[in-house]
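Reviewing the structure listed below.
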Amino acid sequence: MVDTDVFYIISTGNYILSHGIPHTNPFIATPGMPIIIQNWAYCVMIAWVKQSFGTAGLFILTVLMIAGVYLVVRNLVAKTTTDPWVQLICTVILTNLFGYLNLRPEILTFLLIILELYGIEKYQQTGKKRYLGTIPVAMFAEINFHASYWVMHLIVLLPYLVKFPCKRVTQTCMTGTMRRTLIFAAILSMPVLLANPYGLKNVTYVFDAMASGALKLMKISELLPFALNDMTYVLPIFGTILLFFYGLEHSVDQTEQGKILTLTSTAVWMWGGFLILVISKAKWYPFFMLGTLYLFRNMGNTIEDAMIKLWSRIRLDRATKLVLAICMAVLVVGLGKESAKPLRMIFTNQPLTDVYFARYADDTMLEDWKTVRQTVTEDPDSDICCLPPEYNQFFEYEGFQVYIDMRPELYISKKGEGGRSILENMVSLYNMRRNLTDTNLSFPLLMQKEKKNEKESRKPEKDSDFLSAKEYEALVWDIPAHYFLLANATAAASWDCS
């Protein structure tokens with residue numbers, strides 16, 4: 035349920051519910067810079083659920099959204115397979131390929147894209163133009179709930195417009211009038227992108243972020259290329275590559291049951307396009323599942339035949355069945371025991387941070403964190419997320435609510451090339467050069483070091499203490515982006531970072 039970004043989302047949503055949508059940054063130590071909350075509506079939704087129904091409400095919302103993804107996947111799997119066990123196994127595997135089965139807005143983006151694709155395919159099947167109304171509806175929701183992904187709604191149109199240059203692939207793209215109508219509908223849908231509190235700035239947000247050069251200052255794992263040493267990506271990606279070549283080799287071959295395997299151009303483009311995207315940036319991985327789902331839709335009956343044939347060849351004696359039954363029982367009991375504590379905490383409305391740490395087998399981590407939280411704030415608030423830097427987003431330090439965000443473009447000063455950036459000032463202010471150069475330090479140890487240097491850290495900053503551009507870049511290059519600190523407006527008023 036809990037991803038580190040959820041803490042950022044909740045606190046931002048709480049601010050918007052209390053003060054309205056900000057257009058100048060109310061959080062940073064030197065407020066006044068323009069700010070764009072590109073997922074403002076999603077922040078409000080999650081914060082409202084948290085305020086109204088507590089942690090249990092967030093859990094139920096998570097279950098409902100995951101159920102939505104599961105039902106979508108199962109519906110597509112059921113169109114090409116008939117065996118209920120095959121459907122269950124394939125649906126569970128494909129659903130888990132999504133990766134972000136939590137409260138991050140990617141799950142909502144996936145459902146909106148599915149809505150758009152449903153309308154496009156119904157139009158392709160029936161020729162009724164009203165189904166294309168799903169395009170502006172989905173884009174309007176996206177620009178307000180998760181603006182940085184709105185371009186996805188144009189990308190997924192391409193497989194329906196372009197032929198695939200291979201004779202073994204059946205061309206299913208639109209042609210003639212239908213193609214022109216789809217393009218025209220997409221163009222007419224573009225103005226709805228301006229229907230958001232930030233107007234054009236929200237539309238160009240992701241492009242402005244890349245153009246600012248801010249992302250060159252630090253490593254953000256989601257924006258790094260595909261890594262061969264990360265098994266999270268390697269096994270599913272190479273598995274689908276093998277699946278694709280198997281389908282290409284046996285395309286238009288008739289199986290023993292008289293079924294035909296035919297790869298379509300739409301499925302190949304959808305899968306191949308997302309494969310290229312996920313290799314270039316890991317952030318596209320959740321939507322790689324969508325491409326794999328399209329590929330499966332072409333090959334589901336063949337996969338079903340192979341699974342049934344494999345199962346028919348397996349002969350299990352009683353002893354083996356007993357061992358498997360015991361293993362399954364142990365697994366179920368283990369999962370139940372692992373989930374019992376977080377679930378009990380969720381439905382007794384315990385602080386969300388405690389729920390987050392309760393997922394670890396080592397309960398001392400949770401107890402240690404409670405001690406740390408009590409150390410850094412005299413009045414811990416369950417709505418203020420108290421997390422160590424390596425876990426992102428929010429914590430409270432000596433009464434200051436500190437805001438940690440992974441969007442560096444929000445903090446880069448654009449007032450001339452000669453001025454120091456906000457980040458340089460803040461790095462010095464929080465003495466990050468001394469405490470965070472060693473990225474292996476634990477947060478409790480950092481707090482102990484900070485207490486030892488408490489008097490020194492309260493001394494006025496000297497100009498020489500600020501980092502030069504080269505020192506700053508050397509410091510942050512190997513430190514995760516979520517180390518950067520922002521203080522909210524109430525604390526910022528008492529600080530002088532100029």
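The working numbering puts the first residue of the sequence shown at 35, with every later residue one more than the last.
For each residue, glycine too, the CB sits at the ideal point set by N, CA and C.
- Residues 308, 312 of the same chain have their beta carbon placed closer than 6 angstroms to that of residue 322, with the five preceding and five following residues left out of the count.
- Residue pairing of residue 170 in beta bridges, as defined by DSSP: absent, with no partner found.
- Its Cα nearest to that of residue 151, the residue 167 stands out among 137, 136, 167, 141.
- The alpha helix (DSSP H) runs lying completely inside the segment 114-142 and spanning 4 residues or more are 118-130, given in chain order.
- For residue 204, the secondary structure class from DSSP, reduced to helix, strand or coil, is strand.
- In terms of CA proximity to residue 180, 141 leads the group 141, 95, 351, 368.
- Three or more beta-carbon pairs separated by less than 8 angstroms link the segment 192-199 to the segment 207-216, which places the two stretches in contact.
- Bounds of the alpha helix (DSSP H) holding residue 187 are 186-189.
- Looking at 326, 149, 236, the one whose alpha-carbon comes closest to that of residue 183 is 236.
- Sequence-distant Cβ neighbours of residue 278 in its own chain, meaning closer than 7 angstroms and more than five residues away, are 305, 329.
- Under the DSSP assignment, residue 212 falls in the alpha helix (DSSP H) whose first and last residues are 210-223.
- Rounded to the nearest whole angstrom, the C-alpha separation of residue 231 and residue 146 is 20 angstroms.
- Comparing alpha carbon positions, the residue from 314, 80, 223 closest to residue 136 is 80.
- Residue 310 and residue 378 have their C-alpha atoms roughly 42 angstroms apart.
- Apart from the 5 residues on each side of it in sequence, residue 157 sits with its Cβ closer than 7 angstroms to the Cβ of 163, 165, 166 in its chain, given in chain order.
- Secondary structure at residue 270: helix, using DSSP grouped into helix, strand and coil.
- Across the set 124, 96, 91, the C-alpha of 124 shows the shortest separation from the C-alpha of residue 107.
- Between the beta-carbon of residue 95 and that of residue 78 there is about 13 angstroms, and that puts the pair past the 8 angstroms contact cut.
- Taking residue 51 as the centre and dropping the five residues before and after it, the same chain places the C-beta of 78, 81, 82, 85 closer than 8 angstroms to its C-beta, in chain order.
- C-alpha of residue 360 to C-alpha of residue 370: approximately 15 angstroms in a straight line.
- About 11 angstroms separates the beta carbon of residue 44 from that of residue 76, a gap too long to meet the 8 angstroms contact definition.
- Cβ-Cβ separation between residue 176 and residue 143: approximately 6 angstroms, consistent with a contact (criterion under 8 angstroms).
- Excluding residues up to 5 positions away in sequence, 319, 320 lie with their Cβ nearer than 7 angstroms to the Cβ of residue 133 in the same chain.
- Burial check for residue 346: the Cβ neighbour count within 10 Å stays below 16, so the residue is exposed.
- The Cβ neighbour count for residue 220, taken over all protein chains shown within 10 Å, is at least 16; the residue is labelled buried.
- The beta carbon of residue 325 sits closer than 7 angstroms to the beta carbons of 304, 305, 307, 308, 309 from its chain, once the five residues preceding and following it are set aside; these are given in chain order.
- Between the alpha carbons of residue 171 and residue 357 lies a distance of about 52 angstroms.
- In the structure shown, the three-state DSSP call for residue 68 is strand.
- In summary, residue 74 is buried, with 16 or more beta-carbon neighbours lying within 10 Å of its beta-carbon over all protein chains present.
- By the neighbour-count criterion, in which 16 or more other beta carbons inside 10 Å mark a residue as buried, residue 138 falls on the buried side.
- DSSP places residue 298 in the strand class (E or B) of the three-state scheme.
- With fewer than 16 other Cβ atoms from the protein chains shown falling within 10 Å of its own Cβ, residue 351 counts as exposed.
- Contact between residue 128 and residue 202 does not hold, since the beta-carbon distance rounds to 24 angstroms and is not under 8 angstroms.
- At the C-beta level, residue 169 and residue 223 come within 7 angstroms of one another.
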